[in-house]
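To start, the structure itself, in structure tokens.
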Amino acid sequence: MLIQVERLSKTYRSSVKEPGLAGTLRHFVRRRYKEVAAVRDVSFGIEPGEVVGFLGANGAGKTTTLKMLTGLIQPSGGSARVAGFEPFQRKRTFLSRITLVMGQKQQLIWDLPAIESLRINAAVYEIGDAESKKRIDELSTMLEIADKLKTPVRKLSLGERMKCELLAALLHHPDVLFLDEPTLGLDVNAQDTIRTFLRDYNQRYGATVLLTSHYMADITALCPRVILIHEGSLIYDGKLSGVLARFAPYREIEIQLRDAAAAGTLASYGEVQSADGRSVRLLVQREEVTRVVQRLFAEVALEDLSVKDPPIEQIIGKIFKQGQAGA
Amino acid sequence: MTAFWRKLKAFADAGFASWSEYRAELYLWALAGVIPIIMMGVWRQTATRHDIGMSPSELTRYFLAVFMVRQLTMVWLIWEFEQQVVTGTLSPQLLQPIHPFWRFLVWHLTERVARTPFALALLLFWLWVFPDAVWLPSLKDLGLTALGVAAAFLARFVIQCAVATIAFWSERASSIEQLWFTVYMALSGMIAPLEMFPPSVRSFAELTPFPYMVYFPARILLGMPVDLLKGFAVLGAWSLAGFVVFRLLWRRGLRHYSAMGA
Numbered sequence: 528m529l530i531q532v533e534r535l536s537k538t539y540r541s542s543v544k545e546p547g548l549a550g551t552l553r554h555f556v557r558r559r560y561k562e563v564a565a566v567r568d569v570s571f572g573i574e575p576g577e578v579v580g581f582l583g584a585n586g587a588g589k590t591t592t593l594k595m596l597t598g599l600i601q602p603s604g605g606s607a608r609v610a611g612f613e614p615f616q617r618k619r620t621f622l623s624r625i626t627l628v629m630g631q632k633q634q635l636i637w638d639l640p641a642i643e644s645l646r647i648n649a650a651v652y653e654i655g656d657a658e659s660k661k662r663i664d665e666l667s668t669m670l671e672i673a674d675k676l677k678t679p680v681r682k683l684s685l686g687e688r689m690k691c692e693l694l695a696a697l698l699h700h701p702d703v704l705f706l707d708e709p710t711l712g713l714d715v716n717a718q719d720t721i722r723t724f725l726r727d728y729n730q731r732y733g734a735t736v737l738l739t740s741h742y743m744a745d746i747t748a749l750c751p752r753v754i755l756i757h758e759g760s761l762i763y764d765g766k767l768s769g770v771l772a773r774f775a776p777y778r779e780i781e782i783q784l785r786d787a788a789a790a791g792t793l794a795s796y797g798e799v800q801s802a803d804g805r806s807v808r809l810l811v812q813r814e815e816v817t818r819v820v821q822r823l824f825a826e827v828a829l830e831d832l833s834v835k836d837p838p839i840e841q842i843i844g845k846i847f848k849q850g851q852a853g854a
Numbered sequence: 008m009t010a011f012w013r014k015l016k017a018f019a020d021a022g023f024a025s026w027s028e029y030r031a032e033l034y035l036w037a038l039a040g041v042i043p044i045i046m047m048g049v050w051r052q053t054a055t056r057h058d059i060g061m062s063p064s065e066l067t068r069y070f071l072a073v074f075m076v077r078q079l080t081m082v083w084l085i086w087e088f089e090q091q092v093v094t095g096t097l098s099p100q101l102l103q104p105i106h107p108f109w110r111f112l113v114w115h116l117t118e119r120v121a122r123t124p125f126a127l128a129l130l131l132f133w134l135w136v137f138p139d140a141v142w143l144p145s146l147k148d149l150g151l152t153a154l155g156v157a158a159a160f161l162a163r164f165v166i167q168c169a170v171a172t173i174a175f176w177s178e179r180a181s182s183i184e185q186l187w188f189t190v191y192m193a194l195s196g197m198i199a200p201l202e203m204f205p206p207s208v209r210s211f212a213e214l215t216p217f218p219y220m221v222y223f224p225a226r227i228l229l230g231m232p233v234d235l236l237k238g239f240a241v242l243g244a245w246s247l248a249g250f251v252v253f254r255l256l257w258r259r260g261l262r263h264y265s266a267m268g269a
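Going down the list, the protein sequences come from chains A and W.
Numbering of the first sequence is given in our numbering, commencing with residue 528 and proceeding in unit increments.
Numbering of the second sequence is given in our numbering, commencing with residue 8 and proceeding in unit increments.
See the structure below:
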């Protein structure tokens, strides 16, 4: 395993303040604190070269976990090993093998062209001039950003800036990538470029990627495996397709009737989601689908029938909304 | 060039590029360091009316020397560091295989190089206004002043590094620096030459590092008698003490860092 996490936990101490002047005075004189468990007993392993989606609602503990895996913060309990290192020791060899990209934070120097930050990174990671030029050329071409490297960062669009951030974060060719919302706020084209880039980078360098994103398109395009975290606890670790089987134990049958009058007779086949004239959508338990389809063909006059999985974003959204930790 | 020096050079190149973008800010900072010039006006006026042991020309020279020493030894690390801790922008630097304080040190040095021509122009302006105060330091005094300024800067930088790490706990470490700066201003010789202090206050001041950070290098620049060995020893000792405290606080502070927002 390249990343091995065992019962990893992080608890923060956070001050509590009541509203109003009285609350402010009490807060000033005698401060009260509460313990907040951001991550609780999370365990998983990731093999070299895997691309894993790390999903959860806001505040679920995804970013805190990434911070612990990169060594930025110290775990309160449990253990983590990344590429054979204990992250919080932040050994130089370890830091040279990882990177963390945060969609809302930047490492580029705001007022200077990105190339200046790249020169710093090349020196910091001890990459020779010729090699760093080669890497910058290669990565900037993959990211379609080569003509923007000499423009001050503050004058770049959000998408261009994110591409430059990725370039700066990957210049040292890390083999473990922690990506926290790398496509946040980007337009569809920029999101697509970054997805394609990450897929190419993973294939070219065999890099291991742990990716968080609120865009399901990122996950479906890049991550065969996902880890779901809810209120600090891991609730699912497996194939993306398995999320459907586990959290959406039904499929959607969409039918086109020959006669709209038959729509009223379909409740015995499944849960009618919508009925619009001759077009009807039914929800049916997964194990019942074959039998129901056979019955429909035999008993109802149909023009067309298709069976679909509900959209993954709908399912995951539902999981986090309902907090199906025990599901 | 070794890998380490290449890193420092890369920081310096980016530092110079950055300061060239912020020219106006740099000049305003230099202008903001005019406390010695204000004090020069006050003391010069007093010396014109009363015998206070130093002539107006001597006082003008002293405060101009203090002005230059201040310009060359200013440290602003704590404001930048505190902001980076509070906003989490320190995180990318913590993930690089070099201590973040090297970058801060090099950026201070490049800022100093960028600021010096403007500070020198201000010095020449005041010497033009007060021609009676013109003096020409010997090469030896200039060399010793450079060493004194470097030692004073290092002590102030390292001590501020130690204070800055308190940001890991309180996130308002700059309040401590403000308190420190008040005492620094009072005891360093920035408001008055140490000769003007009551003997007991002067004795107390000399137990602190402050006079060695301003008064000591200013006197070297003026070619006045100083105990060089004691001055450099005190600055060296405070730098070492500051470094030890910094290392201790840094290691403990990182455990408190929550990488807020990042």
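We treat Cβ as the ideally placed atom computed from N, Cα and C, and that holds for glycine.
Where Gly853(A) sits in the DSSP three-state scheme: Model confidence at Gly853(A) stands at a pLDDT of 44, short of 50, so the residue's coordinates are unreliable and nothing is read from them.
DSSP-derived helix/strand/coil call for Met231(W): coil
Distance check for Asp638(A) and Arg681(A), CA to CA, integer angstroms please. 6 Å
Determine the chain W residues that contact Lys561(A) at a beta-carbon separation under 8 Å, and present them in chain order. Correct list: empty, because the minimum Cβ distance to chain W is about 15 Å.
Would you say the stretch 597 to 616 of chain A touches the stretch 529 to 539 of chain A, given that touching needs at least three Cβ pairs under 8 Å? yes
Does any residue of chain A bring its CB to less than 9 Å from the CB of Gly260(W)? no
What number of angstroms, rounded off, separates the C-alpha of Gly686(A) from the C-alpha of Phe612(A)? 33 Å
For Trp12(W), count the other beta carbons within 10 Å of its own beta carbon; 16 or more makes it buried, fewer makes it exposed. Which is it? exposed
Label Gly249(W) either buried or exposed according to how many other C-beta atoms from any shown protein chain fall within 10 Å of its C-beta, with 16 as the threshold for buried. buried
Since Lys632(A) contacts Gly95(W) with CB under 8 Å, what's their CB separation in whole angstroms? 7 Å
Can you give me the C-alpha to C-alpha distance between Asn716(A) and Gly576(A), rounded to a whole angstrom? 26 Å
Looking at Val807(A) and Ala790(A), is the spacing between their C-beta atoms short of 9 Å? yes
Residue from Arg662(A), Ser570(A), Arg805(A) whose Cα sits closest to the Cα of Leu596(A): Ser570(A)
Under DSSP, the alpha helix (DSSP H) around His115(W) begins and ends at which residues? 107 to 136
Name the two residues that bound the continuous alpha helix (DSSP H) containing Glu32(W). 30 to 39
So which residues on chain B does Thr96(W) lean against when the C-beta distance must stay under 9 Å? The structure shown contains no chain B; its protein chains are A and W.
Check whether Lys594(A) and Ser98(W) have beta carbons under 9 Å apart: yes
Rounded to a whole number of angstroms, what is the C-alpha to C-alpha distance between Met629(A) and Leu129(W)? 44 Å
Measure from the alpha carbon of His757(A) to the alpha carbon of each residue in Leu552(A), Ala587(A), Val563(A), Thr592(A), then state which is nearest. Ala587(A)
Tell me, please, whether the CB atom of Glu87(W) is closer than 9 Å to any CB atom in chain A? no
Can you tell me whether Ser542(A) is buried or exposed, with buried defined as 16 or more other CB within 10 angstroms of its CB? exposed
Do Phe705(A) and Leu670(A) have their CB atoms nearer than 9 Å? no
Take Ser246(W) and list the residues in its own chain whose beta-carbon comes closer than 7 Å to its own, dropping the five residues that flank it on each side. Leu161, Ala162, Val165
Helix, strand or coil, according to DSSP, for Pro602(A) in the structure here? coil
Coarse secondary structure for Leu639(A), derived from DSSP in three states: coil
Is there a C-beta anywhere in chain W that falls below 9 Å from the one on Glu653(A)? yes
Best match in Phe108(W), Gly150(W), Ala244(W) for proximity to Arg254(W) [C-alpha to C-alpha]: Phe108(W)
Using a Cβ cut-off of 8 Å, which residues of the stretch 645 to 672 of chain A contact any Cβ in chain W, in chain order? Arg646, Ile647, Asn648, Ala649, Ala650, Val651, Tyr652, Glu653
Skipping 5 residues on each side, what residues in its chain have a beta carbon closer than 6 Å to that of Val753(A)? Gly580, Leu582, Leu767
So, at 7 Å on beta carbons, what are the nonlocal neighbours of Pro837(A) in its own chain, with the 5 sequence-adjacent residues on each side left out? Ala775, Glu779
Cutting at 7 Å between CB atoms, please list the residues of its own chain near Leu35(W), excluding the five before and the five after it. none
Taking 9 Å as the CB-CB limit, is Ser542(A) close to chain W? no
Consider the Cβ of Tyr29(W): report whether some Cβ of chain A lies at a distance smaller than 9 Å. yes
Neighbour list for Tyr539(A) in chain W, Cβ cutoff strictly below 8 Å: Ser265
Secondary structure, alpha helix (DSSP H): runs of 4+ residues fully inside the stretch 65 to 107 of chain W: 84 to 94, 98 to 101
Residues of its chain near Asp656(A), where Cβ-Cβ distance is below 8 Å and the 5 sequence neighbours each way are ignored: Ala649
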